[in-house]
Structure formats: C-alpha cells, structure tokens
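Asker:
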Amino acid sequence: MARIRDERQEQSRITYHIAGKICIARAGSDRGRARQTLGQTASRSMLLQATQLVLCWEINYCVLMSTRVCSFYSATFQEDYRGTRDSLKVVFKDERQSQSLLLKVADYYYEERMCLLRCVLLLLTYFQDERHPYRAEYSNCVNKLEKDLVSKYKSQFENLFKAEAPTWETHGNLMTERQVSHWFLQCLREQSLLLEIIFLYYAYFEMSPSDLLSFTKMFKEQGFGLRQTNRHLVDKSMDALIFSSLILVEGMDIDFLHKCALEECTEQHQFSSAADVIKGMDQLLLTFGDIPHHGPVLLAWVLLRHTLRPEESSPVIRRIGNTALQLEVFKYISTMLKGLGVSGNNVTAITAKMCIYGLLSFVVTSFEEESLQTGEVFWEMKPNMGLGMILDSAVGMFPHKIGPLLQLLTALLSNKSTVKKVYNFLDKMSYYTQVYKHKPNDVISKDDETLWRRQTPKLLYPLGTGQTNLWMPQGVLGQVMIGGEQGYVVRWDHSYSSWTLFTCEVEMLLHVVSTADVIAHCVRVKPVLDLVHKIISTDWTVSDCLLPLTSRIYMLLQRLTSVINPPVDVIASCVNCLSVLAARMPAKVWSSLHHTGFLPFASNPLTNMAQCVSAEGMKAGNYGNLLVQIEQPKGEYAVTIAFLRLITTLVKGQLGSTQNKGLIPCVLLVLKEMLPTYHKERIGCLILELIHAILNLSPEGEDQASTPTLQSLCIYSLANTEAGQAVVNIMGVGVDTIDVVLAAQPSSSEGPGQILIQTVKLAFSVTNNVIRLKPPSDVVSPLEQALTQHGGHGNNLIVVLAKYIYHKHDPALPRLAIQLLKRLATVAPMSVYACLGNDAVAIRDAFLTRLQSKTEDMRIKVMILEFLTVAVETQPGLIELFLNLEVKDGTEGSKEFLLGEWSCLHVVLDLIDSKQQGKYWCPPHAPQSSAGLPARPLAGPQR
Numbered sequence: 005m006a007r008i009r010d011e012r013q014e015q016s017r018i019t020y021h022i023a024g025k026i027c028i029a030r031a032g033s034d035r036g037r038a039r040q041t042l043g044q045t046a047s048r049s050m051l052l053q054a055t056q057l058v059l060c061w062e063i064n065y066c067v068l069m070s071t072r073v074c075s076f077y078s079a080t081f082q083e084d085y086r087g088t089r090d091s092l093k094v095v096f097k098d099e100r101q102s103q104s105l106l107l108k109v110a111d112y113y114y115e116e117r118m119c120l121l122r123c124v125l126l127l128l129t130y131f132q133d134e135r136h137p138y139r140a141e142y143s144n145c146v147n148k149l150e151k152d153l154v155s156k157y158k159s160q161f162e163n164l165f166k167a168e169a170p171t172w173e174t175h176g177n178l179m180t181e182r183q184v185s186h187w188f189l190q191c192l193r194e195q196s197l198l199l200e201i202i203f204l205y206y207a208y209f210e211m212s213p214s215d216l217l218s219f220t221k222m223f224k225e226q227g228f229g230l231r232q233t234n235r236h237l238v239d240k241s242m243d244a245l246i247f248s249s250l251i252l253v254e255g256m257d258i259d260f261l262h263k264c265a266l267e268e269c270t271e272q273h274q275f276s277s278a279a280d281v282i283k284g285m286d287q288l289l290l291t292f293g294d295i296p297h298h299g300p301v302l303l304a305w306v307l308l309r310h311t312l313r314p315e316e317s318s319p320v321i322r323r324i325g326n327t328a329l330q331l332e333v334f335k336y337i338s339t340m341l342k343g344l345g346v347s348g349n350n351v352t353a354i355t356a357k358m359c360i361y362g363l364l365s366f367v368v369t370s371f372e373e374e375s376l377q378t379g380e381v382f383w384e385m386k387p388n389m390g391l392g393m394i395l396d397s398a399v400g401m402f403p404h405k406i407g408p409l410l411q412l413l414t415a416l417l418s419n420k421s422t423v424k425k426v427y428n429f430l431d432k433m434s435y436y437t438q439v440y441k442h443k444p445n446d447v448i449s450k451d452d453e454t455l456w457r458r459q460t461p462k463l464l465y466p467l468g469t470g471q472t473n474l475w476m477p478q479g480v481l482g483q484v485m486i487g488g489e490q491g492y493v494v495r496w497d498h499s500y501s502s503w504t505l506f507t508c509e510v511e512m513l514l515h516v517v518s519t520a521d522v523i524a525h526c527v528r529v530k531p532v533l534d535l536v537h538k539i540i541s542t543d544w545t546v547s548d549c550l551l552p553l554t555s556r557i558y559m560l561l562q563r564l565t566s567v568i569n570p571p572v573d574v575i576a577s578c579v580n581c582l583s584v585l586a587a588r589m590p591a592k593v594w595s596s597l598h599h600t601g602f603l604p605f606a607s608n609p610l611t612n613m614a615q616c617v618s619a620e621g622m623k624a625g626n627y628g629n630l631l632v633q634i635e636q637p638k639g640e641y642a643v644t645i646a647f648l649r650l651i652t653t654l655v656k657g658q659l660g661s662t663q664n665k666g667l668i669p670c671v672l673l674v675l676k677e678m679l680p681t682y683h684k685e686r687i688g689c690l691i692l693e694l695i696h697a698i699l700n701l702s703p704e705g706e707d708q709a710s711t712p713t714l715q716s717l718c719i720y721s722l723a724n725t726e727a728g729q730a731v732v733n734i735m736g737v738g739v740d741t742i743d744v745v746l747a748a749q750p751s752s753s754e755g756p757g758q759i760l761i762q763t764v765k766l767a768f769s770v771t772n773n774v775i776r777l778k779p780p781s782d783v784v785s786p787l788e789q790a791l792t793q794h795g796g797h798g799n800n801l802i803v804v805l806a807k808y809i810y811h812k813h814d815p816a817l818p819r820l821a822i823q824l825l826k827r828l829a830t831v832a833p834m835s836v837y838a839c840l841g842n843d844a845v846a847i848r849d850a851f852l853t854r855l856q857s858k859t860e861d862m863r864i865k866v867m868i869l870e871f872l873t874v875a876v877e878t879q880p881g882l883i884e885l886f887l888n889l890e891v892k893d894g895t896e897g898s899k900e901f902l903l904g905e906w907s908c909l910h911v912v913l914d915l916i917d918s919k920q921q922g923k924y925w926c927p928p929h930a931p932q933s934s935a936g937l938p939a940r941p942l943a944g945p946q947r
C-alpha cells in the first residue's frame, strides 16, 4: 500500500488532489484524458502547479499510476466514500469539497494502517488457541511472519517516534493545528499498537539477550514514551506507552527464571551464558532512575541478576534495587494494573497481568521461601508460591481487617475447584486477631506481655440472646503481635468458621443501621457480600451452605434503603447477589423481595392499560427514591445497574402471570421515567436489554387476559409515549457518530464504542418487535410517525437507517437496520425511495457493493435480498432504482429493457448460478432468498 504520509512530505497538497483525479480517470488511461481532467477541475490558482505536475507525471507515469496507488484510491472510494461517481466529479470541481475529501482519504489511510496491525494482533492472539476454528491458518500466517515481524515493526516504531510533525509550510494550508494534533494522536495509537504486538509476540517466543539490550537502549533514548518529538501536542496525562516496560520484563522471561530457580537449573536460562549482554545491561540500568516507568524493569533485572549470579552482583543488585524502591515501583505497578483493568478481558491485557503477576510472585518468593508453607499447602501448586506470603499477611490481621483477605480470595475465585478451596479455607480458621486500646481485665499475661491467656469465656459480638454469635472459650492463648502505649494487636489461637463470623457481621450491621456506626460496619460487610456474589456466580452448588447469609440480604436491603443517607455501594452488592439467586430460583427471590419496600409497587389493583400508563397509584419504592435523591445528583448509578439486571433476570425467569403483574410498576418506572431521561447514558443499554427480554417472552410467561401484561405495557408505551421517541433518538445516533466514538477509544475490541453499538442494535430489535407485535390499527401510532416522517435536509430516520450500511465494525448493526427497513417498507404508508432523496443512488451502490462482495457476512446478504423482495411488492420506486433497467429501442418500434451496470439482478443471478456453487462458502438460505427476487418483478409491483 502506498505510504501517503511519505509522499505528502515530498509533494504539496495539489499533488494528491490531482493524483486522485488521475487514478479515478484510469478508465481512459491515456495522457490526453488526464490533461483534460486537470483542465476541467483545477482552478486558475492551481493551473501552474497542475501543469508542472503533468510534466512530472509524463516522466514518472509508472510511479504515479502504480498498482499500489490505484488500489489504494480504488479501495478508498469504494469502501469509504459515501456518494456516487457523479457526485465525486462534482467534488473534484469544487476546491473546498476536494480539500475535505483529501482529509477523508488521509483518515481512511490511517485507519487502514491500524486495521492491518490489528489483523496481526488477532493472529498472535489465537494462533495457539485450540478452540479457535482457524487456528491452523493463523499459525501458518504467524510462521511466515515470524522471521521479520519484530525487526520491521521495531523499525516502524522508531520512525514514528522520530517523525517530525507536519506544518502548513511543508504540507499546505490544510495542515491546521487541529490536523497536526490528529496526526500525532494517530502516531501515538500506532506506536501503542506496535508495542502491543511486540509484547504479545515475546509472550510466545523467546527474546534473545542481544535483542533485550537493543530494546532497552531504544526505550532509554525515548524516555519510555516521554520524549516524543511532538510531546507538546498532546495532554500531559498521556505520559507513557506502558508496554515499553512490559516488553523488557517479558524479554527477561521471569516465569522461566522462577521455574529454573525452583528446580535448581538456572544454567538453562538464556541469560546464564550471556556475560557480555549482562555487563552491558548492568551499565545501562545503572543510569536508570529518573522516571517511574523504569521501576518494573529494574525490579525484574534485580531478580535475574540475583538468581543467575548472586556472588558477582551484590553491589549492582543493591544499587539497582534501591533505585527501584526510590521510584516507588510497587505503587507504579498498582497504577499499571488499574490501567490494564480498564481493558477488560482482551488477551493482551490478560497476558500483561500474568507478566506482572509472575514478576510479583517471584519477588515475594525471593524474600523468604520458608514463610510460604501456608500458601503452598493451601493451593497445592508451585506456580502460586509467591501468593503464600500475601495470603499469610492478610490472615494475620483477620478479622480485625476483614477487607484485604476477602478481596484477595474473591479475586482468586475462577472455577468450581477454587470455590471449594476458598470455602473450606474460610470454614476452618485457626487465628482470631483483635486490637485493644488498653489491656482488658479478663486476661492474664507473662511479664514481657508477649502472651495473653483468657480467664473467662467471651461473646465476640454484642448481639441479643438467640442470635448467631461466636464464643471465645476460657484459656485461649493470644500472641501479642504489637504492644505498647498505642495499643495491642493480639492474635488469638482460636478455631472458628468465618462463615459464622460473616453472619454475625451482617447481624451487627442490621443492629446499628440507624446509628453513627453504620458506615464502619458497611465497610466490613461489603467485602462479605462481594465474596458471596462471586462464589454463587462461579459455583451454584455452594449456595445452600451460604443460606444464613443470603437469607439476611432481604432484611439488609429493607433497612439500608430506608435510612437518610443509604450506603449505595452496599445496596448495589446486595442487589447483585439477589440477581444471581434470581437466575436459579426467581419465584423465591420475588416472594421475599417484594415485601421489602425496595421495588416500585402499586397501591391499587391494576385493571386496565390507561391506569398503568397514567401511573395512577404507583409508588417509586425505596429504589425510586434512592435514584432521584442520591444517584441522579451524583451521576453514579451502581444501584440502578444492579436493579436493571435483577429485573431482567426475574423477567427471563418466566415467573408467571401473577408475579409478572407485580413487576409492572418496576417496568413502568423504567419506561416512563428512566428511558426518556437516561437513554444516552451507559444504563440505556441495560434498559433496552430489559425491554428486549419482555418483548421476547413466550406466551406461557404472559397471561392473555384483558388486564395489562408486561409485554402489552411495553408495546403500548413504546408505540404511544415518549419512551418510543427515546428509542428513536438512539437509532438516530447514526453511523458517523459511532465511527467517531470508535476512533476515539484506545482499544479496538472494547470501550464506549462497543456499548454504543450494542445499544443501537437493541433499539433496532426492540423497534422491530414493537411493530411486529403491535395490534393492527387504522390509526398510525406516534412511533410509526416518528419512524416515517420526512425531515428537511435528509434528517428523516429512513436515511439514517439506510446509512448504517456503511458501518463495517459489527455486521449485526447494518443487518438489524436493514431488517427494520424491511419491516417499515411492509407496514408503513410511505415511499422509502422518496425518503432517501439525493442519497438514494449512493445508498443503492453501497447495498450492491456489500451484496456482491465475496467476503461479506452472509446474513447481511440474505437480509438485503429479503428487503428487496419485499420492496418489489410495496416500494415500486425503490425496486426500480435497484433494478436499474435501461430502455433501448428494439425492432419494429418496440422497447427493450437491458440490465444497467448497477442492477441488483447481476448479483442475484450470480448467487443462484449453479456454476458458481462451491467456489466460496454460501449457506442454503442465500440462494433461496435470491431465487425469490427475479420472479417477483415478473408479476409487477403492487402499487
């Protein structure tokens, strides 16, 4: 592909303007036609430059008209230009429009560069994944790329890093300050992706010692991303490319080093025989220490030097280790982990976390291996030895500090096996740590105050008679860990079950809920709730053992939501637990929950739709009050997110008609108050998921009596109230806005762009289902009016829906948009062709381009064909546009109809051609959908 950025540095803006026209005029491919194109399109101010360019082009014709340049411009205008050939000619004749086109060409070029890198990242992600259907093909590609991949990408990274920012003097007046910033942000994104690829590559392949030294020198010179040539062009918060540090840590192969140390075979490590490289690295790393990003590299090198050659390296280790500590390396690693946490579950982020975990695990192990027996016995796995010291430290302060241990164990829950280990570990605790300001009267101690003995038994929680509690018996010994005037930390040698202790903690919170101590007790109970949520989400079979805790959640929810300043984080944790329980036993959860006052409810029986829609007698419940008074002013919706997931789970649980009627006030609150207000928020996606679940309820889950049901309420509200307009607004976001959001997010696989796409997809599906399920009526509903009304300057929704055909990121989005168009073309009294206006031909071309592509998602093709089949009967103007028939005078004064260049029948006939079958994968329903289309025009459209 042509390197446009390099060419733009050598030529002026006019070069690209003219080169683009020459490429488009390739059909004639003769010099005279190119001159004619120049004469027709260039303004007088550009004529001299254009003439000079023609002379250059005469000499370098093969260069300008190379296959690469032509292919690039062809791909640009076919894939990204949203117009027709005729409109492109108009653009070339207008200097201002052609300038805008140049910027779009540059954007397309930049995006293509990123897409190529993402393809390589995808190959590296799955080429060893046995579950992936194309693993063998991916592995073959990686084998072919392996030889030169790192060297070329390293060179590309260095060139991007050193590239000088373009200016208006070198690149013309199009290069404004905004465009310069855009250019540099593109450089940063490309550098970040290159480093991500290199990091993932070395997660699978060994880095040679010489390469580690080379990378270290390069990153040192660049300040680990801080010494960008154009650093002043971006915000200071965009400090470093974090994968620089991780590439060096991964290159040291700390996991293999750890294994070699445990098996006493360090000579097998690749650095054991690289004395010259080690010497060079020592000298280089001794100059580190001026920025925090050096910390992980220094820490990893200390481990490597200490493990391989401890007798030679004591002074070096001491200096480098002290530098790492001065840089607050562990604080930096914590910040790095938080940043990676935003990336979610993509493979690169997971690999990076594993790299950091391997480093920290080896660090902990290296301090004192003898202290790791507890962790080794508990986990029974050597790779997790480093965790033992952290685990032992957390146990040592439990239950005085309840959070650290529970947060650690919650993070370790990954499968049913770990659930059993965590449950049994907490069920058999051997130590109970307490803190005292003063020495209590009921204990005796040795003279040195290092050992206490309890003289009398003691209740550990001040709860009433008959309530769950813990006893510490007489004679229990306690080791004084810290003592003095500031207080005592005592570790009692006492066996008990933490699950009983957790029940006591919940009881204590219920006991003090209306007092000033509620905040302190909430801090202790929240980790318990989060642990319970993770356990029952991972292994449902343990839920019976947790019944003393889960049964108290309802009372906890009732008490906490009725106080003046409810603790929203604890309430959200309660609701999250109930959501998991509701997935298994919805009826039981509902019967216990609707008595708590948390959910919205109706004070009067619901008898008709008008009563429901008017919200007469509806009460918001404690949740509704919390939403308005606490969450909305703060803009944080933890409880709302948990509430929506809970209601969705209950709906999917097919409760039955009686319980579903009880959910009507909840759904009405969502439709009447939340959807119109929060449809643009992140929770808009969850709201639509709830509505989508209701609209897809099976008949068995809905009572067909005359009284309103959840489904009928949703259909009526969306069709006739402002809730429907909110859904229309979501669909009206448009493909351009989605592209902007996707371009702004750092990750290509997750972020706000994916959330927005999912929200719009749900809006399409919900709207389609409402139109499908709505009772027949002679009166056009407000929703149908909003969908079909004509707006000035192409603002009507039909155009917006049709333009989703330009979206390439998620094939389901254009497919659902076409499905909705098909539905509207069937039921709505309007002309789709008239709604499309001046965009009709361009949209037709885009539809046919995707229809004839050999690599297009087949479901999109099928949906396009079904849409056109429906249009034959209901949209005569639209089908005439797609048929593109040309009239020719025949013999004896008759008229003949020929298929035009852009006729959809060319593609349709290819799909059903028996000679084409077997050339590429095509499911049976594609030819079936195609076969119906040629037969329909023969019958003629039904006007």
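945 is the number that the numbering used here gives to position 941 of the sequence shown; each next residue is one higher, with no gaps.
Virtual Cβ for every residue (Gly too), placed ideally from N, Cα, C.
Source: prediction; values computed, not measured.
Using the three-state DSSP reduction, which class does V333 fall into: helix, strand or coil?
Answerer: In the sequence shown, the residue the question calls residue 333 occupies position 329. Helix.
Asker: For L882 versus C908, is the C-beta distance shorter than 8 Å?
Answerer: Residue 882 sits at position 878 when you count from the first residue of the sequence shown. Residue 908 sits at position 904 when you count from the first residue of the sequence shown. Contact: no.
Asker: Return yes when the Cβ of I324 is within less than 8 Å of the Cβ of I251, no when it is not.
Answerer: Numbered from its first residue, the sequence shown carries residue 251 at position 247. Numbered from its first residue, the sequence shown carries residue 324 at position 320. No, they are not a contact pair.
Asker: Of the residues F219, V891 and N147, which one's Cα is nearest the Cα of S159?
Answerer: By one-based count along the sequence shown, residue 159 stands at place 155. Considering only alpha carbons, the answer is F219.
Asker: For K623, which option in C670, L648, C581 and M589 has the closest C-alpha, if you only look at C-alpha atoms?
Answerer: What you label residue 623 is simply residue 619 of the sequence shown in a count that begins at 1. The shortest Cα separation from K623 among C670, L648, C581 and M589 belongs to C670.
Asker: Quick check: what's the CA-CA separation for Y157 versus L198?
Answerer: Residue numbering aside, residue 157 sits at position 153 when the sequence shown is read from its first letter. Residue numbering aside, residue 198 sits at position 194 when the sequence shown is read from its first letter. Cα to Cα, the separation comes out at about 6 Å.
Asker: How many Å lie between A821 and E509 at the Cα?
Answerer: Numbered from its first residue, the sequence shown carries residue 821 at position 817. Numbered from its first residue, the sequence shown carries residue 509 at position 505. Distance between the alpha carbons of A821 and E509 is about 52 Å.
Asker: Keeping to the same chain, check which residues put their C-beta closer than 6 Å to that of L303; ignore five residues upstream and five downstream.
Answerer: Position 299 of the sequence shown, counted from the first residue, corresponds to residue 303. If we look at L303 and ignore the five residues flanking it on each side, its Cβ neighbours are A328 and V333.
Asker: Indicate the three-state DSSP secondary structure (helix, strand or coil) for A606 in the structure shown.
Answerer: Looking up residue 606 in the sequence shown gives position 602. Correct three-state label for A606: strand.
Asker: Starting from the C-beta of P531, find all residues in its chain whose C-beta is less than 8 Å away, skip the five residues before and the five after it, and write them out in chain order.
Answerer: Here the question's residue 531 lines up with position 527 in the sequence shown. Closer than 8 Å at the Cβ level, and outside the excluded window around P531, lie I406, G407, L410, Q411 and T414.
Asker: Could you spell out the range, first to last residue, of the beta strand (DSSP E) harbouring H498?
Answerer: By one-based count along the sequence shown, residue 498 stands at place 494. Segment Y492 to Y500, the beta strand (DSSP E) holding H498.
Asker: In angstroms, rounded to a whole number, what distance separates the CA positions of L216 and S248?
Answerer: Looking up residue 216 in the sequence shown gives position 212. Looking up residue 248 in the sequence shown gives position 244. Whole-angstrom Cα-Cα distance: 11 Å.
Asker: What does F901 pair with, by DSSP beta-bridge criteria?
Answerer: Mapped onto the sequence shown, residue 901 falls at position 897. In DSSP, F901 forms a bridge with V891.
Asker: With distances taken from CA atoms, which of S716, V804 and K335 is nearest L825?
Answerer: Stepping through the sequence shown from its first residue, residue 825 is reached at position 821. Selected option, being the one with the closest Cα: V804.
Asker: F602 and G625: beta carbons closer than 8 Å?
Answerer: Walking along the sequence shown from the start, residue 602 turns up at place 598. Walking along the sequence shown from the start, residue 625 turns up at place 621. Contact flag set, yes.
Asker: Measure the alpha-carbon distance for V447 versus L474 and round it to whole angstroms.
Answerer: Position 443 of the sequence shown, counting from 1, holds the residue named residue 447. Position 470 of the sequence shown, counting from 1, holds the residue named residue 474. Answer to the nearest angstrom: the Cα atoms are 18 Å apart.
Asker: Using three-state DSSP, classify I448 as helix, strand or coil.
Answerer: As a first step, residue 448 is located in the sequence shown; it is residue number 444 there, counting from the start. Three-state DSSP puts I448 in a strand.
Asker: So the beta strand (DSSP E) W456 belongs to, where does it begin and stop?
Answerer: In the sequence shown, residue 456 corresponds to position 452, counting from 1. Note, W456: beta strand (DSSP E), L455 to R458.
Asker: Name the residue from K638, T725, E754 and Q478 whose alpha carbon lies nearest to the alpha carbon of V351.
Answerer: Taking the first residue of the sequence shown as 1, we reach residue 351 at position 347. When each option's Cα is compared against that of V351, the closest is E754.
Asker: Could you check if K665 is buried or exposed, using at least 16 other CB atoms within 10 Å of its CB as the buried criterion?
Answerer: Mapped onto the sequence shown, residue 665 falls at position 661. Buried: at least 16 other Cβ atoms inside 10 Å.
Asker: Taking I486 as part of the beta strand (DSSP E), name the residues at either end of that continuous run.
Answerer: Your numbering for residue 486 matches position 482 in the sequence shown. Run containing I486: L481 to I486, per the beta strand (DSSP E) assignment.
Asker: Could you confirm whether any beta carbon from chain B is found closer than 8 Å to the beta carbon of Q82?
Answerer: Although the question refers to chain B, the structure presented lacks it and comprises just one protein chain.
Asker: Shortest alpha-carbon distance to V593 belongs to which of M559, S607 and H297?
Answerer: Working through the sequence shown from its first residue, we reach residue 593 at position 589. Looking at the Cα atoms, M559 is the closest of the given residues.
Asker: How would you label K676, buried or exposed, when you count the other beta carbons within 10 angstroms and need 16 or more for buried?
Answerer: What you label residue 676 is simply residue 672 of the sequence shown in a count that begins at 1. By the neighbour-count rule (16 or more Cβ atoms within 10 Å), K676 is buried.
Asker: By Cβ distance, which residues of its chain are closer than 7 Å to F851, with the 5 residues on each side in sequence left out?
Answerer: Position 847 of the sequence shown holds residue 851. Once the five neighbours on either side are set aside, the close Cβ partners of F851 are I809 and I868.
Asker: Report the option in V527, R458 and F506 whose CA atom is closest to the CA atom of H498.
Answerer: Stepping through the sequence shown from its first residue, residue 498 is reached at position 494. Among V527, R458 and F506, the Cα nearest to that of H498 is on R458.
Asker: Applying the 10 Å Cβ sphere with the 16-neighbour rule, what's the burial state of I742?
Answerer: Locating residue 742 in the sequence shown gives position 738, counting from the first residue. Buried is the call here.
Asker: Kindly list the residues whose CB is nearer than 7 Å to the CB of L817, restricted to its own chain and excluding five residues on each side of it in sequence; keep chain order.
Answerer: As a working note, residue 817 is residue 813 in the sequence shown. Hits under 7 Å: I761, V764, K765, Y808 and H811.
Asker: Could you pull the DSSP bridge partners for M589 from this structure?
Answerer: Mapped onto the sequence shown, residue 589 falls at position 585. For M589, which the question treats as bridged, DSSP gives no partner whatsoever.
Asker: Taking the DSSP output, what are the residues bridged to Y440?
Answerer: Sequence index remark: in the sequence shown, residue 440 carries index 436 (1-based). Looking at the DSSP assignment, Y440 forms a beta bridge with Y492.
Asker: Going by DSSP, which residues form a beta bridge with L463?
Answerer: On the sequence shown, residue 463 is found 459 positions in, with the first residue counted as 1. The partner list for L463 (beta bridge, DSSP) reads W475.
Asker: For K441, collect the residues of the same chain with a Cβ closer than 7 Å to its Cβ; drop the 5 residues on either side in sequence, then sort them by chain order.
Answerer: In the sequence shown, counting from the first residue as 1, residue 441 sits at position 437. Counting only Cβ-Cβ distances below 7 Å, and skipping sequence neighbours, we find G491.
Asker: Whose CA, out of V253, F228 and T644, lies closest to the CA of D294?
Answerer: Translated into the one-based positions of the sequence shown, residue 294 becomes position 290. For D294, the nearest C-alpha among the options comes from F228.
Asker: Label D521 either buried or exposed according to how many other C-beta atoms from any shown protein chain fall within 10 Å of its C-beta, with 16 as the threshold for buried.
Answerer: Position 517 of the sequence shown, counting from 1, holds the residue named residue 521. When all chains shown are included, D521 counts as exposed.
Asker: Buried or exposed: which applies to D843, given that a residue is buried once 16 or more other Cβ atoms fall within 10 Å of its Cβ?
Answerer: Numbered from its first residue, the sequence shown carries residue 843 at position 839. Buried, because 16 or more other Cβ atoms sit within 10 Å of the Cβ of D843.
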